[in-house]
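The structure appears right after this line, and notes come after that.
See the structure below:
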């Protein structure tokens with residue numbers, strides 16, 4: 048479980064490194080197909096995969112769900128994040 052102060056942004060805690068591309072390819076989805084499933088543009092998926100865009104918690108959870116993976120398998124936290 049992760050605890051945040053009220054109003055603290057999740058994307059300040061997620062690392063730009065992730066396994067979105069790895070699990071998308073395993074599931075045989077194109078970037079466009081994943082984008083359609085999660086309700087974003089193909090460009091957003093590309094940006095998430097290359098680490099230039101860090102999704103908010105809702106989008107990160109949606110991606111994990113669509114890839115049938117646990118959140119922690121797909122996304123990583125920065126070193127300073129406290130996880131309880």
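In the working numbering, the protein residues as written are 48 to 131.
By construction, the Cβ of each residue, glycine as well, lies at the ideal position given by its N, Cα and C atoms.
1. State yes or no: is the C-beta of residue 85 within less than 9 Å of the C-beta of residue 106?
2. CB residue 92 to CB residue 108, shorter than 9 Å?
3. Given that a residue counts as buried once 16 or more other Cβ atoms are within 10 Å of its Cβ, and exposed if not, what is residue 111?
4. Are the Cβ atoms of residue 66 and residue 116 separated by less than 9 Å?
5. So, at 6 Å on beta carbons, what are the nonlocal neighbours of residue 89 in its own chain, with the 5 sequence-adjacent residues on each side left out?
6. Determine which residues share a DSSP beta bridge with residue 61 and list them.
Reading it off the structure:
1. yes
2. no
3. buried
4. yes
5. 78, 79, 82
6. 124
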